[in-house]
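Per our numbering, the sequence shown starts with residue 79, numbered consecutively.
For glycine and all other residues, C-beta sits at the position ideal for the given N, C-alpha and C.
No experiment lies behind these values; they were computed from the predicted model shown.
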Amino acid sequence: MSLENISYIKVFPGIGTARVGNSPEYFIGPESPGSVPNLGKNYKDTNGLLKPQASRFRVYGYDVNHKIVTEITHDPANGVSLEWDVHMRNLKAANYAFQGKFGFNPDQYRNPGVSPNIPDTDPNSRTSLIIDPGMKSISGINQNGLNAMQLDGGKIFSGIGKAQIPTSLYKKGESGMTDVTYSEKEVSLGRLETDKDGRLIVVGGKGDAGCLIEPPIIVQKGAGFLYALLGEAQKAKPTKGTPNTFYTNTITLDLPKDASGNLKVLLAGKNDGTGDVFVDDECIVKVNGSQVYSHDFSNGNSGKITPLAPIDITDNLKPYLGQNVTISIEYVDLYPGSNSGSSFWLYYTNEDPTSNGNSYFNNPGWYDDTSGGSINANVTINGKSFATDNDPKKRGWVAVSPPKYVPTMNNVVSLLDLQLAMFPEQDPVSGTVNFAILDSNGLPNIATGNSTLSFAPLSGVAATGKGRPTIVRYNGDDYAAYTGSSGENLIAVSTDNGVTWTESQIGTNSTQYAPSLCVYNGQLAYVVVVKGGYILVGTSSDGKTFDFQGLNSGSVGPTLASSSPSAVTYNGGLYIAFATADDSIAIAHRYLVPNTNTYVYAFNTLSDKVLSSSYPVLGVFFGELYCAYTDSSNNSYIGSYNNYAPAPTEPVKVTFKFKEVTGAPQTKLSPSIAGSHGKLYYAIVDENSDFYVGTGKPGFYEKTTKPGFITEVNFVKASTVSTNYAPIVANFSNISFYRDIYPILKTVTDYAWVNEPAFQGHAPGSMGDFLRDGSIAGYSSSSEANNPYRTFVFNAIRPAEQLTPNVPPPPAAIPNPTNKIVNGVKPSIPNGGVQSGRLMPHLFGEGGSNLENTFNNTNFPNQWLSLTPHQLWKIQEWVNGNFQLGTKPTENFPSTPLDKIPLAEQPAALNFSALEPTVGGGFHPGIELTYYMKEPGFFAEAFRFADTIMHNGKLIQPITPGSVAGYMSIPWQGDFWSCNVSWWAAMRPDIVVTMDTSLHPPKLDKKLWFRGEAVGIPPNADNIPTYEGGYEHMVKYWSDFGFVVPSGTTDEGMFVMDETERAPCLDDVNAPCTPVNSAESSSLPFYRLYNGQIHDHFYTTSVSERDNAVKNLGYTFEEIACIVYVPQIDGAMPLYRLYNGQIHDHFYTTSVSERDNAIKKLGYTSEGIACYVYLSQIEGTIPLYRLYNGQIHDHFYTTSVSERDNATKNLGYTSEGIACYVFN
């Protein structure tokens, strides 16, 4: 399309991600879905410095109809100029202190002794604490090197001088403030570059971090729990005489002070401060040799051991608090019998709030060079100007975050998943919302949409009918079923997305009621009520031929129906609702009789629910089964039932908490409900034939002061229809196993290489290894026979997170940040209840770890990470058998280069790929961005930050450059060390697993990723509660730790991971801090040779091939032409090598079509891939020019402009442009 059609411009991606690195080299992050950063083993340069990940931004032009016209690049020769305005800041030191989502207090600031820090202070006003280089602009092509725009000029702690910080940061547990002196420093946030087309490249900081106050703060845990194993569990053994001390152990440690009076020291059975303790018979605790505690658990030879809950020994230890002490424990057998004992953990806490508010998240005096900011573009096309003008729906945003040390492994929940949960319409998988009625002529009509509906008869359908129609998508085709005028069962199918339909009759059943369609265990189910009120379920695998069976209810007779049925699949089971003869609601559910292959139906009757002429309907939403009905007063009701257990194996009592749907139009007809696009849809045709669509979001039940609930479903009039029958609503989606489910199973399984709990549960060959031999065949089949595979996984997945609608996003104050009523104010935070870490994913959540909650005496919700509702919806469809197989990936990282993606799809591809390899939880605070990424009020639209934070219609705070990342840990290395177990292992590995494939079966071994005895890191550092040196070591050695990358795959697709580029100095005191790169992964010389007798230039990376050509084939070595890669790394493409023996010419090209043409038509033979090069210029590369002499049939390649010009001017060569880009 013509540039003249452009009406406005937008920057993509809407949110870009870059990562710090201390190398001058960089790589560009993923730009197409499925791709991973810098595939290969060269994440560091030859000097051992870690390469930053840059983020590239593009501009697309749109017409007045909001259709993409083209990507706009800098092209002054054709009247097009492109300029970028970028404002990056680091706001961390000026921001509110991070205290966790449920502990946020807007009165606490970082650097609390620096003015202003009074309540309601806008962090943006604390300018001396903000690194702000100001707005920077760049324009042109290939603006790099000396022409790059440096993000310099921003200073931190300017003009502060003396201030005060809490003394507890120096001496744990002590109150008061300590005087310190701040020093200012200019901190660079990176640089801006442009590529060959003028696109923007943002390269972030160098990972710089430090403390600029005197005396300096050592990054530490601050307040928190500490624990030490005092006594190990002893199995029961026969007594050896009494009294007898059969176990003793001694430890040395520093006990904290108790300045706040809140210190607790417990003897507990577990290291989280819980768990009973016992000894058969007596336990004795001594400090520095003096007994401070003893207890006889046998109660004086009673013959019965009585365990105790955790024992508070704080008072016993008061004389020793704040001292380095030796503590010993003795297990004593006092009476004949046996001797045994539990583990005894010494668990103690420091609850000083000043320390808690300024722990490793919030260190005063510290800075780092992560950043974030806005990306704006200005375009001029033949004198006409376009600009994003900081419009939140047009500009871009970038977040510069820490490195990702497992770059090829995605997180099971990413920032992309959070966007799709808030904006599910962005995911093509979500499908469409569809509504259907039977019109006054008895013909089925369908409309797609949610606000304004235009119903149209199904093209090709002529048979008239009666009652409500039913619609569903099955195996990619659309189906509509209804009852014919004479009671026959009719079905219509469309294979072209509803354009044309073909109808047919099913079987010989006759009914007066409407049928119900659903998909169950990979089959299309047609449910109908026949004469006598018996329910029949017909199943079909082709959508044409159905096998009808009655509801086998075992020895108990079935409940008979007197209405149309409503059937859905829920958690792998089939549920059917209908009305009984006395107008009660009945629910039938199918279950498998244990230890048999027999399925039967159980019936539940809700006799207290009275219908009129309507019938109940079912729908599934947010992990719950919903039932809706119209009562005898024409009012609408809805209720939910939650049984998070797949495919029942016994009868369950299905009950619903019904409440009136306030605001629903009056109707005599049944409603219809369905979950779609993150909403519950409620369809009603009222007494005036107006079609209303109601929508509700998760959590639309709200408690009131009166008994009961208010159902917040908002209705809009969507159409006026002519019908006498109830409507239907359904979601038409296309779940694919390999596209939507396989990545989740694969990621969870691949975690075994980098996460300790995942290693225990998902190690190769274990039951939790979803990719083990034969398992994929079971997981990928939708059949009933393979339902146990799906339900096995479903049963292990954590339900959706607990909703917390009364917790506003920061910096709004939480009205009552507790689980209890305080001064008459209801709790803002619901009690978390029982939360299990045994479910998947075994990663902590935004409620903080279970250990932290134990320490704080809280039980916040969401202590463990859940998949998003959108992901769980896909899992729900999968376990129900409503999915297609899809195409199994043929490579580890299947992706399509951006330039091969259709233009209209490129913006979405850029948005998706930028957030795919990121962390979407747990957020405490997270590592790239934090939990506000789940708040719709932060976004102007999908993938676009708003100007201001909104919550329930109220303005909370402006969003400014740097504020989006302002809550992250300062420095980032603090959180990177502290969150060392079960947080975001694909970003920061917990462990490194090795596989010895020379053994059968292969032997697995593991070690900590964070290790380095040569630099003072003790063995098993992650698991030493009292060790805090990791913070300092992470700050100093972050770029020396290794990357964990694939070194192969198993037959079923699981990665075989390996650690690479780990600096030798971590393990050898005499070694330099330069990584050991694999020999096969390196940049190599591209040797140039020439044979004057046959006039042939020959290029190779092989030393042996070079030497053989010189020694035996008449070639002369001329020089190293350039530096190339072998094997391939991310962004590099093959340079193909061909040879024509008739004319003696070596020919090199990156073009597959040119290669194939030369082989097919020009007499060349392929000699494989010579090396890997770049098709576009990146930092450090130069053009490799290609020339050809037709008289002597010789292709010649050089990086020298003067040599190129001389060859064309004097030697008979013709320039054929730039072959590729290489390193000099």
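Close-in-space but distant-in-sequence residues of the same chain around residue i (CB under 7 Å, 5 per side omitted)
i       : result
Ser85   : Tyr140, Asp141 and Val142
Gly435  : For Gly435, the pLDDT reaches just 42, beneath the cut-off of 50, and the residue's location in the model is therefore unreliable, although a value from the coordinates is still provided. Around Gly435: Ala175, Gln177 and Gln186.
Val1059 : Glu834, Asp1068 and Asp1100
Val476  : Gly94, Ala96, Ser133, Val280, Gly450, Gly451 and Ile453
Met918  : Val826, Ala874, Ile875 and Arg876
Counted within 10 angstroms of its Cβ, other Cβ atoms place residue i as buried (16 or more) or exposed
i       : result
Met845  : exposed
Ser113  : buried
Asn575  : exposed
Thr782  : In this prediction, Thr782 scores a pLDDT of 35, lower than 50, which makes its location untrustworthy; the coordinate-derived value is nonetheless stated afterwards. With fewer than 16 Cβ atoms within 10 Å of its Cβ, Thr782 is classed as exposed.
Arg916  : exposed
Ala1157 : Reliability of the predicted coordinates at Ala1157 is poor, the pLDDT of 34 falling under 50, and the value obtained from them is presented with this limitation in mind. Burial call: exposed.
Pro293  : exposed
Tyr653  : buried
Gly367  : exposed
Met1073 : buried
Pro694  : buried
Gln1220 : exposed
Met213  : exposed
Ser80   : exposed
Inter-residue CB distance, residue i and residue j (contact presumed, cutoff 8 Å)
i       : j       : result
Leu1162 : Leu494  : With 8 Å as the limit, Leu1162 and Leu494 do not qualify as a contact, their Cβ atoms being about 36 Å apart.
Lys687  : Ile663  : 5 Å
Ala706  : Pro672  : Contact flag wrong, Cβ pair sits at about 33 Å.
Val1086 : Asp1118 : Per the sequence presented here, residue 1086 reads as Leu, with Val not at that position. The Cβ separation is near 15 Å, so there is no contact.
Glu1196 : Arg1166 : 5 Å
Asp1383 : Leu399  : Given a span of 79 to 1302 for the chain in the structure shown, any question on residue 1383 remains unanswerable.
Tyr1252 : Arg1282 : Going by Cβ atoms, the distance from Tyr1252 to Arg1282 rounds to 19 Å, so no, they are not a contact pair.
Gly1044 : Lys263  : 19 Å between Cβ atoms; not a contact.
Ile1034 : Pro889  : 7 Å
Gly621  : Asp555  : 7 Å
Residues near residue i by beta carbon distance below 8 Å, same chain, minus five either side
i       : result
Ile1201 : Ser1161, Leu1162, Pro1163, Phe1164, Val1300, Phe1301 and Asn1302
Ala982  : Lys145 and Ile146
Ser215  : Glu161, Trp162, Asp163, Val164 and Met227
Gly611  : Leu638, Ala639, Ser640 and Ala659
6 Å CB neighbourhood of residue i in its chain, flanking five on each side removed
i       : result
Tyr104  : Lys129, Pro130, Ala132 and Val281
Leu758  : Phe699 and Gly774
Glu408  : Thr323, Thr326 and Ile362
Met487  : Asp828 and Ala1064
Val791  : Val739, Tyr760, Gly772 and Gly774
Asp1053 : Ser1047
Asn720  : Glu702
Glu360  : Asp374, Val410 and Leu412
Tyr425  : Tyr305, Leu344, Ala346 and Gly351
Tyr648  : Val698 and Leu703
Cutoff 8 Å: residue i Cβ touching any chain D Cβ
i       : result
Tyr1263 : You won't find chain D in this structure, because it holds only one protein chain.
Which runs of the alpha helix (DSSP H) fall wholly inside the stretch 1231–1294 and span at least 4 residues, in chain order? 1279–1288
Output the residue ranges of the beta strand (DSSP E) runs that lie fully inside the stretch 621–699 and measure 3 residues or longer, sorted by chain position. 625–628, 644–648, 651–657, 663–670, 677–684 and 695–699
Quick check: the stretch 379–387 against the stretch 305–323, are at least 3 beta-carbon pairs closer than 8 Å? no
For the stretch 734–809, list the beta strand (DSSP E) runs that are entirely contained and at least 3 residues long, ordered along the chain. 750–754, 757–763, 768–774, 779–781, 787–789 and 792–798
Which runs of the beta strand (DSSP E) spanning at least 3 residues fall entirely within the stretch 296–364, listed in chain order? 302–309, 312–316, 322–332 and 342–346
Length at least 3, wholly inside the stretch 1052–1104: the beta strand (DSSP E) runs in chain order: 1069–1074 and 1081–1086
Contact between the stretch 954–969 and the stretch 459–479 is defined here as three or more beta-carbon pairs at a separation below 8 Å; is this criterion met? no
The stretch 803–813 / the stretch 897–915 touching (three or more Cβ pairs under 8 Å): no
So does the stretch 1202–1222 actually touch the stretch 1240–1247, counting three or more Cβ pairs closer than 8 Å? yes
Under 8 Å: do the stretch 186–201 and the stretch 236–248 share three or more Cβ pairs, one atom per stretch? yes
Using 8 Å as the threshold, is the stretch 544–553 in touch with the stretch 591–598, meaning 3 or more CB pairs across them? yes
Write down every uninterrupted run of the beta strand (DSSP E) in the stretch 110–150 whose length is 3 residues or greater and which is fully enclosed by it, in chain order. 131–140 and 146–150
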